[in-house]
Each structure stands twice: as structure tokens, then as C-alpha cells.
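Residue -9 is where the sequence shown starts when you use my numbering, and the numbers rise one by one after that. So the structure is just underneath, and the comments pick up after that.
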Amino acid sequence: MSKDILHNAKILLIDDDEAILQVIKYYFDKEGCKVSTATDGVMGLEIYSRMEPDIIITDLCIPELNGTGLLFAIKKISPETPVIIVSGVADKKDIIEVMRLGAADFIEKPILDMEFLKDSVRKNLSLRQRLREGRLHQKELEIEVDRRTAELIKRVSEIEILNEALKRELLEHELAVTELEVMRDGVIKSIATIGEQRDPYTAGHQLKVSKLGIAIARELKLSEDQIECIRIAGLLHDIGKISIPAEILNRPGALKKSEMNLIKDHSLDGYNILKRITFPWPVAELVYQHHERLDGSGYPRQLKGDEILMESRILSLADVVDAIASHRPYREALGEDFALKEIENKKDIYFDPVATDACIKIFKNGFNLQH
Ligand SMILES: [Fe+2]
């Protein structure tokens, strides 16, 4: 059975009639309440501040500070402390006034049935308890919300710090990659230059083949990786010529068969030079295949059709177009139009038809080998 809410309840009784005070105190003492008494309003306030009662029962007509003033003061200090007004002289206006000020109940004197007052005290204590529990629960909820918000803010700030660190690392990584790419490009250009210095007639040839190869690859919508592979292979495709004596390379007029065979070795020699460099693309293989032809009439391995990488088919096309169009030790430059006619004639025989059409198209659209 649950304990009566009156048990141990702290009650402050205020009445200028000592006899009434003692009667009421007697009844509430019997219920196990802790009752304090005051005979005027000022004393009542003093005791209130000392004992902080759970409930106040006060007469309206009391000296020093009347019941209405006391009620007003208490409600200012502690709005949730119930104040029951007990009065025998009040009219309707007084009752309305004290209820408006927040009185918990109004009971007329003389109190004929003490149970009536006890019930009112019980009811108002219980209401106060529920209010306090509700506030406590609300306070707990607010603390929990604050805790979670603080946790969330901490997590967000941790994530932001982590993101910043990641961004910095990414930036450093990108810078390192860029530096490496710049360095690799410098090395590629240096190697290409070494080869071309021995063969002035083909100076710039590799750069032009690289540019034309890129343009054809872009027209065919090849991936960026394939385009990069063509770019580098274009810049280095004749590096194998470094093994050929300069007097053969630069001699005007026809070459002997043995000299031609020596020149043909440059595909394999280029492959052997470049295969030691770790590229993320098959650069060495492209160089190896750049003189192969679709019908198997090329060199050095007489590869056919799909045995030749698409990137190599583009590279060989670009190589032939620039070689025909440009000046050579053994002949004058034949020009771009002548070169394009040549590849058109050999389309599907030597050269990939799709790549050939793309090559002719980009020249029609204004591509120029010299720029
Ligand atoms: Fe070549």
C-alpha cells in the first residue's frame, strides 16, 4: 500500500487565532506532517524561507501582511508551492482575487469537516509532486539533449578535422604526382631529343606524330589512359634509331637491303629500351608495333588485324602521314593532301579503316601538322 502523501509533508499554518492554529496543527500532526505555525504574514514569510514548506494554509485576515499579500509574495518566490486560503470573512470579490493570484484552494471558516481541508491538502500536494516530477523529467530530457548535441558537435568537429587532414594529404599526394609527371615528361622529352639530334631530318617528327595520334584518338573517343599512352609512345616511337649509324640515317638516296634491315630493327630496339621503364600503359608495346600493318605486311613481327593494338594502329597511321608529308633525306616533302590520299588508298589493307576515316576527318576540320 502506498504511503499517504501527508506523511512527512511540511506544512506552514498561518492564522492570528492561536486556537484555530492548534486545532488544525493537531489534525495534521496526527497524519505525520511536520507542521510549523505563524500568527502574522511577516512571521509566515520568515518561517517560509527557513523551512521551505511543501504547502501553506493561511487565513486572509492576518496582521502585518494580509493573506493576499502573503500569497502574492509566495507566488513570486515559489510559484509551485500551493497556498490554501482559509477565511470566514471573505466575499466573492476576495475569492476571485486570491484565485487569480494563484491560490490553490479557498476554504470557508469555520472548518466544519477537517477531512475536507485534508483532502484539499492531499490533492494539492499530489499536484505539486506531479508538477515537480514533470519538471524533473523535462530537465533530464534537456540535459540528455544537451549531452547529445555536445557529442554531435564534437563528432562533427572531429570529422571536419579529419576531412581537413585528408584534404591536405590528398593535396600533397596530388602535388607529388604532378611533380613526378612533370619529371617523367621532362625525361621523355630529353630521351626523344637525344634520338632526334642524331637524325635532324626527323627532328620534330615524334612530337608531330604524338599530336596527330592524340587528335585521332580524341576523335575516336578513346579513354584518357589510351590517349596518354599514345602521347608518350608518339614522343618516343623512333628512339630505337639511336642504334643506327648516323651516316645511314642521314644519307640521301636509296639504301641497301642490309641497311634497310638495320633501320627496321629500330622497332625492337625501341621496345627493348622502353620496356625497362615502368609506365602504367603499354608504351613499349606500342613502339614495338608501330610499323605493323593490318594485312601482316609490316615489321618486325608481321602482326595482323586485331593482333595490333588499336593505339598502335593510330600511332602507325600518324607516323605514316607525317613521314609522307614531311621532307626526308632521299626526297622532298610530299604534303598533307598526298599523305591523306595514300592512307585512303591503303585503308583496310595497311591501316585501320575507322582510324583512317577519323584522321582524314580531323584534317578536313583544320588539323595542321605544323602547329
Ligand atoms: Fe618508326
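We put the beta carbon where it would ideally sit given N, CA and C, even for glycine. These numbers were taken from a predicted model, which means no experiment stands behind them.
* Examine ligand 1 and report whether any of its heavy atoms sits within less than 7 Å of the Cβ of V317. => In the sequence as presented, Val is not what sits at residue 317; that position holds His. No; taking the cut-off as 7 Å, the Cβ of H317 has no heavy atom of ligand 1 nearer than that.
* To do: Would you kindly work out how many angstroms separate the C-alpha atoms of L202 and F269, rounded to a whole number?
  => 21 Å
* Taking the alpha-carbon positions, what's the E87 to D109 distance? -> 23 Å
* To do: Over the uninterrupted beta strand (DSSP E) stretch that includes S77, give me the two end residues.
  => V73 to S77
* **Closest residue to I333 among H317, E282, P272 and T346 (Cα-Cα distance)** => Of all alpha-carbon atoms in H317, E282, P272 and T346, the one lying nearest the alpha-carbon of I333 is that of T346.
* Candidates A9, A313, K351 and R303: closest to Y340 by CA position -> The shortest Cα separation from Y340 among A9, A313, K351 and R303 belongs to R303.
* To do: Under 6 Å Cβ to Cβ from K254, same chain only, skipping five residues before and after it: list those, please.
  => Once the five neighbours on either side are set aside, the close Cβ partners of K254 are Y289.
* Asked: Leaving out five residues before and five after L115 in sequence, what residues of the same chain have Cβ atoms less than 8 Å from its Cβ?
  -> I(-5), L(-4), A(-1), D44, I45 and P72
* What residues in its chain sit with their C-beta under 6 Å from that of D5, if we drop five residues either side in the sequence? -> L11 and D49
* Would the beta-carbon of D228 be found less than 7 Å away from any heavy atom of ligand 1? -> Yes, Cβ of D228 sits closer than 7 Å to a heavy atom of ligand 1.
* **Cα-Cα separation between T27 and V13, rounded to whole angstroms** => 11 Å
* To do: Measure the C-alpha to C-alpha separation of I229 and A323 and round it to an integer number of angstroms.
  => 22 Å
* **Sheet register partners of A28 (DSSP bridge)** => Beta-bridge pairing links A28 to I4.
* To do: Please find out if some non-hydrogen atom of ligand 1 comes closer than 7 Å to the beta-carbon of D309.
  => Using a cutoff of 7 Å, the CB of D309 counts as near ligand 1, since one of the ligand's heavy atoms is closer than that.
* Considering only residues of the same chain and omitting the five flanking positions on each side of P343, which have a CB-CB separation below 8 Å? -> K337
* Excluding five sequence neighbours on each side, which residues of the same chain lie with their C-beta closer than 7 Å to the C-beta of E326? -> Counting only Cβ-Cβ distances below 7 Å, and skipping sequence neighbours, we find A315, F353 and L359.
* Buried or exposed: which applies to H127, given that a residue is buried once 16 or more other Cβ atoms fall within 10 Å of its Cβ? -> exposed
* Determine the direct distance from the alpha carbon of L107 to that of I74, and round the result to whole angstroms. => Each residue's Cα considered, the two are about 9 Å apart.
* Distance CB(I1)-CB(V25) smaller than 8 Å -> yes
* To do: Kindly indicate which three-state DSSP category D95 falls into: helix, strand or coil?
  => strand
* Tell me whether H163 counts as near ligand 1, meaning its Cβ is closer than 7 Å to at least one heavy atom of that ligand. => no
* Asked: Nearest-angstrom Cα distance between A223 and S147?
  -> Approximately 48 Å, taken between the alpha carbons.
* Is it true that the CB of Q187 sits closer than 8 Å to the CB of L225? -> It is not a contact, given that the beta carbons lie outside the stated cut-off.
* Euclidean distance between Cα positions of V311 and L152 -> Taking the straight line joining both Cα atoms gives about 54 Å.
* To do: Please list, in chain order, all residues of the same chain as D259 whose beta carbon is under 7 Å from its beta carbon, the five residues on each side excluded.
  => So the qualifying residues of the chain are G230 and S233.
* Euclidean distance between Cα positions of D296 and E282 -> 11 Å
* To do: Classify R118 as helix, strand or coil using the three-state DSSP reduction.
  => helix
* **heavy atom of ligand 3 below 7 Å from L202 C-beta** => No copy of ligand 3 occurs in the structure displayed; its ligands are ligand 1 alone.
* **Beta-bridge pairing of T268 - partner residues as DSSP gives them** => Note: T268 sits in no beta bridge, so no partner.
* **Proximity below 8 Å, CB of I220 to CB of I204** => yes
* Which value, in whole angstroms, describes the spacing of the CA atoms of I298 and Q279? -> In a straight line, the C-alpha of I298 is about 7 Å away from that of Q279.
* **Per DSSP, the bridge partner or partners of R318** => R321
* Identify which residue in C51, I37 and E42 has its Cα closest to the Cα of D7. => For D7, the closest alpha carbon among the candidates C51, I37 and E42 is that of C51.
* Asked: Can you tell which of K99, E98 and D84 has its C-alpha closest to the C-alpha of G92?
  -> Nearest C-alpha to G92: D84.
* To do: Scan the stretch 111 to 197 and note each continuous beta strand (DSSP E) run of 3 residues or more that stays entirely inside, going in chain order.
  => none
* Per DSSP, which one or two residues make a beta bridge with T48? -> I4 and I75
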